[in-house]
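Enquirer: So that we are looking at the same thing, I have put the structure below in structure tokens.
4 protein chains.
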Amino acid sequence: MPPADRFANSTEFYVRYVETDAMRIVNHAHYISWMEESRSEYARGRGSDYAAFEREGVALAVVELNVNYKSSARYGDRVRVTCWIEELKSRLMKFGYEIHNATTGVLLVTATTRHVCINLETGAAAVIPERWRTAMAK
Amino acid sequence: MPPADRFANSTEFYVRYVETDAMRIVNHAHYISWMEESRSEYARGRGSDYAAFEREGVALAVVELNVNYKSSARYGDRVRVTCWIEELKSRLMKFGYEIHNATTGVLLVTATTRHVCINLETGAAAVIPERWRTAMAK
Amino acid sequence: MPPADRFANSTEFYVRYVETDAMRIVNHAHYISWMEESRSEYARGRGSDYAAFEREGVALAVVELNVNYKSSARYGDRVRVTCWIEELKSRLMKFGYEIHNATTGVLLVTATTRHVCINLETGAAAVIPERWRTAMAK
Amino acid sequence: MPPADRFANSTEFYVRYVETDAMRIVNHAHYISWMEESRSEYARGRGSDYAAFEREGVALAVVELNVNYKSSARYGDRVRVTCWIEELKSRLMKFGYEIHNATTGVLLVTATTRHVCINLETGAAAVIPERWRTAMAK
Numbered sequence: 005m006p007p008a009d010r011f012a013n014s015t016e017f018y019v020r021y022v023e024t025d026a027m028r029i030v031n032h033a034h035y036i037s038w039m040e041e042s043r044s045e046y047a048r049g050r051g052s053d054y055a056a057f058e059r060e061g062v063a064l065a066v067v068e069l070n071v072n073y074k075s076s077a078r079y080g081d082r083v084r085v086t087c088w089i090e091e092l093k094s095r096l097m098k099f100g101y102e103i104h105n106a107t108t109g110v111l112l113v114t115a116t117t118r119h120v121c122i123n124l125e126t127g128a129a130a131v132i133p134e135r136w137r138t139a140m141a142k
Numbered sequence: 005m006p007p008a009d010r011f012a013n014s015t016e017f018y019v020r021y022v023e024t025d026a027m028r029i030v031n032h033a034h035y036i037s038w039m040e041e042s043r044s045e046y047a048r049g050r051g052s053d054y055a056a057f058e059r060e061g062v063a064l065a066v067v068e069l070n071v072n073y074k075s076s077a078r079y080g081d082r083v084r085v086t087c088w089i090e091e092l093k094s095r096l097m098k099f100g101y102e103i104h105n106a107t108t109g110v111l112l113v114t115a116t117t118r119h120v121c122i123n124l125e126t127g128a129a130a131v132i133p134e135r136w137r138t139a140m141a142k
Numbered sequence: 005m006p007p008a009d010r011f012a013n014s015t016e017f018y019v020r021y022v023e024t025d026a027m028r029i030v031n032h033a034h035y036i037s038w039m040e041e042s043r044s045e046y047a048r049g050r051g052s053d054y055a056a057f058e059r060e061g062v063a064l065a066v067v068e069l070n071v072n073y074k075s076s077a078r079y080g081d082r083v084r085v086t087c088w089i090e091e092l093k094s095r096l097m098k099f100g101y102e103i104h105n106a107t108t109g110v111l112l113v114t115a116t117t118r119h120v121c122i123n124l125e126t127g128a129a130a131v132i133p134e135r136w137r138t139a140m141a142k
Numbered sequence: 005m006p007p008a009d010r011f012a013n014s015t016e017f018y019v020r021y022v023e024t025d026a027m028r029i030v031n032h033a034h035y036i037s038w039m040e041e042s043r044s045e046y047a048r049g050r051g052s053d054y055a056a057f058e059r060e061g062v063a064l065a066v067v068e069l070n071v072n073y074k075s076s077a078r079y080g081d082r083v084r085v086t087c088w089i090e091e092l093k094s095r096l097m098k099f100g101y102e103i104h105n106a107t108t109g110v111l112l113v114t115a116t117t118r119h120v121c122i123n124l125e126t127g128a129a130a131v132i133p134e135r136w137r138t139a140m141a142k
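Protein chains in written order, with our numbering: chain Z, 5 to 142; chain R, 5 to 142; chain G, 5 to 142; chain W, 5 to 142.
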């Protein structure tokens with residue numbers, strides 16, 4: 005569960021048919037993309053914008069991913085992806101996630117991702133711009 | 005443009021990062037999945053449900069796809085996918101589509117898809133269940 | 005079928021699990037990505053390289069897509085994607101495709117795509133570099 | 005690195021354009037699908053077949069995923085995915101992975117996945133069929 009002391013963003017959408025596989029459930033890889041979209045929504049929820057972040061010449065590269073799959077989702081299910089910042093340092097960010105079936109409330113996935121800020125041109129580690137760090141954490 | 009005499013469904017969402025490619029625009033394959041999701045929304049907009057349709061033992065298999073790409077979409081863009089039924093026969097359906105940038109109104113894609121109803125168990129062509137045909141066309 | 009008077013490239017690979025959907029067959033959108041990969045292999049088959057093409061500051065943007073789905077593929081099937089150049093002008097290319105089950109020989113898909121050459125920086129239409137045009141068509 | 009005392013399977017392929025994103029590198033979600041395909045190849049390398057496994061009415065559901073991203077891959081890169089069995093119990097399997105750039109030898113990703121065997125009809129935990137367990141571990 006998101007810590008009580010900080011902002012958490014929740015996004016809801018329907019499971020797309022293309023996201024299912026021959027087991028008739030959502031393929032495990034697609035949860036990773038939902039988490040990515042949830043980070044985008046987090047930034048929007050903070051009045052910020054990840055595209056603007058990249059226009060400053062930096063990006064957040066994923067360096068670690070840990071996912072626990074608890075229950076499965078099916079085509080047409082309404083799912084809710086919640087994410088929050090676990091840790092925010094000058095060059096690093098860690099996000100926490102929970103994904104639920106929005107209708108039944110069943111927990112589908114818990115996860116974390118770690119990111120490093122990199123300079124888009126050189127690929128070298130970079131400091132997260134102060135303005136963006138403040139916007140994300142507030 | 006959707007014919008004036010019939011229902012058309014419009015769905016809006018943000019472009020996901022995973023949908024872009026190294027040209028920094030949405031990869032052309034993903035529009036196909038957006039169109040598929042738009043058909044799902046069409047059914048919901050008619051008070052119906054494609055998952056329920058499949059639970060009756062039938063499915064709509066895509067047999068033809070025609071897409072014209074007019075302009076490109078980028079990460080974070082808000083897009084609007086509109087679809088409507090071009091043709092509805094006992095065993096066949098044809099959908100028409102337009103995809104716009106929802107913010108600027110720029111037309112991105114026009115497309116059509118043709119579908120045949122098949123029996124999910126045998127794969128043989130089947131008649132679209134009357135109840136569903138009525139729901140979709142009303 | 006590819007015209008007898010020109011080079012055609014064939015690529016074989018296994019259907020990935022993630023490419024299937026809840027109908028237990030390959031989702032129709034993934035054939036589009038297979039065709040894209042087949043164009044990459046075409047370039048490699050000509051001793052060329054699409055990545056090098058883009059490093060010259062130009063790209064081939066897809067402007068039209070026409071696909072006919074004849075039969076379906078399943079997880080683990082070996083498929084063969086064949087492509088060839090239908091038309092090659094100073095700013096335009098058209099590819100033709102056939103996709104078969106490589107084991108049974110059954111035809112799965114026929115398709116064409118049309119592309120325009122664009123300047124990657126400005127997005128404006130551009131002339132296909134002569135050297136590359138020659139390499140592709142030889 | 006795969007333990008010296010057991011079989012490890014390596015698969016090579018080219019990075020597809022659709023697998024890249026606007027950072028001009030492979031999107032982190034696609035490595036998950038490469039790992040899935042690598043498990044398919046592992047089964048083929050053991051003279052077995054995951055499709056046949058599922059035809060026996062059971063499946064291996066992913067319950068945990070841990071990935072460390074070390075370096076990035078780009079369009080057209082030749083990558084090599086290596087996987088092996090870390091642990092094999094009556095109802096559980098754990099796979100280990102390494103993904104390299106096959107040309108330069110640079111390590112891109114290390115990962116593990118945990119799976120439970122489930123009955124495809126009921127979704128309940130099931131024992132991995134003995135015959136298949138033997139084939140995989142030999």
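Every residue gets a Cβ at the ideal spot worked out from N, C-alpha and C, and that includes glycine.
Since residue 108(G) is in the alpha helix (DSSP H), which residue starts that stretch and which ends it?
Expert: The count along the third sequence starts at 1 and reaches residue 108(G) at position 104. Residue 108(G) -> no alpha helix (DSSP H), and no H or E assigned at all.
Enquirer: For residue 24(R), which residues in chain W fall below 7 Å Cβ to Cβ?
Expert: Working through the second sequence from its first residue, we reach residue 24(R) at position 20. Neighbours of residue 24(R) on chain W, chain order: 25, 26.
Enquirer: Once DSSP output is grouped into helix, strand and coil, what is the label at residue 132(G)?
Expert: Numbered from 1 along the third sequence, position 128 holds the residue referred to as residue 132(G). Three-state result, residue 132(G): coil.
Enquirer: Could you work out which residues of chain G lie near residue 73(R), taking near to mean beta carbons separated by less than 8 Å?
Expert: Residue numbering aside, residue 73(R) sits at position 69 when the second sequence is read from its first letter. Within chain G, the residues near residue 73(R) are 65, 66, 67, 68, 69.
Enquirer: With 16 other CB atoms within 10 Å as the buried threshold, where does residue 129(Z) fall?
Expert: Numbered from its first residue, the first sequence carries residue 129(Z) at position 125. Exposed is the call here.
Enquirer: Please list the terminal residues of the continuous beta strand (DSSP E) segment that includes residue 125(G).
Expert: Along the third sequence, one-based indexing puts residue 125(G) at 121. Neither: residue 125(G) is in no beta strand (DSSP E) and is coded neither H nor E.
Enquirer: From residue 69(W) to residue 71(R), what does the alpha carbon distance come to, in whole angstroms?
Expert: Reading the fourth sequence from its first residue, position 65 is the one you call residue 69(W). Reading the second sequence from its first residue, position 67 is the one you call residue 71(R). Looking at the two C-alpha atoms, the distance is approximately 37 Å.
Enquirer: Rounded to the nearest angstrom, what separates residue 47(R) and residue 117(R) at their Cα positions?
Expert: Position 43 of the second sequence, counted from the first residue, corresponds to residue 47(R). Position 113 of the second sequence, counted from the first residue, corresponds to residue 117(R). So the two alpha carbons sit approximately 16 Å from each other.
Enquirer: Are the Cβ atoms of residue 18(W) and residue 26(R) separated by less than 8 Å?
Expert: Position 14 of the fourth sequence, counted from the start, is the residue given in the question as residue 18(W). Position 22 of the second sequence, counted from the start, is the residue given in the question as residue 26(R). Against a cut-off of 8 Å, the Cβ pair of residue 26(R) and residue 18(W) comes out as no contact.
Enquirer: Please classify residue 95(Z): is it buried, with 16 or more other beta-carbons within 10 angstroms of its beta-carbon, or exposed?
Expert: Position 91 of the first sequence, counted from the start, is the residue given in the question as residue 95(Z). It counts as exposed.
Enquirer: Do you know whose CA, among 39(G), 99(G), 5(G), lies nearest residue 141(G)'s CA?
Expert: Your numbering for residue 141(G) matches position 137 in the third sequence. Of 39(G), 99(G), 5(G), the residue nearest in Cα terms is 99(G).
Enquirer: Taking the Cβ atom as the reference point for each residue, do residue 123(Z) and residue 62(Z) lie within a distance shorter than 8 Å?
Expert: By one-based count along the first sequence, residue 123(Z) stands at place 119. By one-based count along the first sequence, residue 62(Z) stands at place 58. Against a cut-off of 8 Å, the Cβ pair of residue 62(Z) and residue 123(Z) comes out as a contact.
Enquirer: With H, G and I counted as helix, E and B as strand and the rest as coil, what does DSSP make of residue 19(Z)?
Expert: On the first sequence, position 15 is the one that residue 19(Z) refers to. Residue 19(Z) falls in the coil class under three-state DSSP.
Enquirer: Which same chain residues end up closer than 6 Å to residue 226(G) when comparing Cβ atoms and leaving out the 5 residues on each side of it in sequence?
Expert: With chain G represented from 5 up to 142, any question about residue 226(G) goes unanswered, as that position is not in the structure.
Enquirer: Taking C-beta pairs closer than 8 Å, name the residues in chain Z that residue 21(G) reaches, listed in chain order.
Expert: If you number the third sequence from 1, residue 21(G) lands on position 17. Contact annotation for residue 21(G) against chain Z: 25, 26, 31 [CB-CB distance below 8 Å, chain order].
Enquirer: With a threshold of 8 Å between beta-carbons, can residue 132(G) be considered close to chain R, or not?
Expert: Within the third sequence, the letter at position 128 stands for residue 132(G). For residue 132(G), the answer is no, since every Cβ of chain R falls outside 8 Å of its Cβ.
Enquirer: Among all the DSSP beta bridges, which residues are the ones paired with residue 91(R)?
Expert: For the purposes of this step, residue 91(R) is taken as residue 87 along the second sequence, with counting starting at 1. According to DSSP, residue 91(R) bridges with 98(R).
Enquirer: For chain W, is any of its Cβ atoms less than 8 Å away from the one on residue 42(Z)?
Expert: For the purposes of this step, residue 42(Z) is identified with residue 38 of the first sequence, where counting begins at 1. Not closer than 8 Å to any Cβ of chain W, the Cβ of residue 42(Z) fails to qualify, so no.
Enquirer: Who are the neighbours of residue 79(W) on chain R, taking C-beta pairs under 9 Å?
Expert: Along the fourth sequence, read from residue 1 onward, the residue named residue 79(W) stands at position 75. Under the 9 Å cutoff, chain R gives 25, 26.
Enquirer: Output yes if chain Z places a C-beta closer than 8 Å to the C-beta of residue 37(W); else output no.
Expert: In the fourth sequence, residue 37(W) corresponds to position 33, counting from 1. At least one chain Z Cβ lies under 8 Å of residue 37(W).
Enquirer: In the DSSP output, which residue or residues are listed as bridge partners for residue 84(W)?
Expert: The residue given as residue 84(W) occupies position 80 in the fourth sequence. DSSP, once it has assigned bridges, lists 16(W), 104(W) as partnering residue 84(W).
Enquirer: Suppose the cutoff is 7 Å on Cβ atoms and the five residues either side in sequence are ignored; what does the same chain contact list for residue 64(R) look like?
Expert: Here residue 64(R) refers to the residue found at position 60 when the second sequence is read from its first residue. Here residue 64(R) has 97, 119, 121 as same chain residues with Cβ atoms under 7 Å from its own Cβ, once five neighbours each way along the sequence are excluded.
Enquirer: What three-state label does DSSP hand residue 40(Z) in the structure shown?
Expert: In the first sequence, residue 40(Z) corresponds to position 36, counting from 1. In the three-state scheme derived from DSSP, where H, G and I count as helix and E and B as strand, residue 40(Z) is classed as helix.
Enquirer: Name the chain W residues that come within less than 7 Å of residue 55(G), Cβ to Cβ?
Expert: The residue given as residue 55(G) occupies position 51 in the third sequence. Going along chain W in sequence order, the residues near residue 55(G) (Cβ under 7 Å) are 79, 80.
Enquirer: Give the straight-line distance between the Cα atoms of residue 32(Z) and residue 85(Z), rounded to the nearest whole angstrom.
Expert: Translated into the one-based positions of the first sequence, residue 32(Z) becomes position 28. Translated into the one-based positions of the first sequence, residue 85(Z) becomes position 81. When rounded, the distance between both Cα atoms is 14 Å.
Enquirer: Kindly indicate the opening and closing residues of the alpha helix (DSSP H) around residue 55(G).
Expert: Walking along the third sequence from the start, residue 55(G) turns up at place 51. Residues 54–59.
Enquirer: Residues bridged to residue 45(W) by DSSP?
Expert: Position 41 of the fourth sequence, counting from 1, holds the residue named residue 45(W). Beta-bridge pairing links residue 45(W) to no other residue.
Enquirer: Out of 11(G), 92(G), 6(G), point me to the one whose CA is closest to residue 51(G)'s CA.
Expert: Numbered from 1 along the third sequence, position 47 holds the residue referred to as residue 51(G). Comparing Cα positions, the closest option is 11(G).
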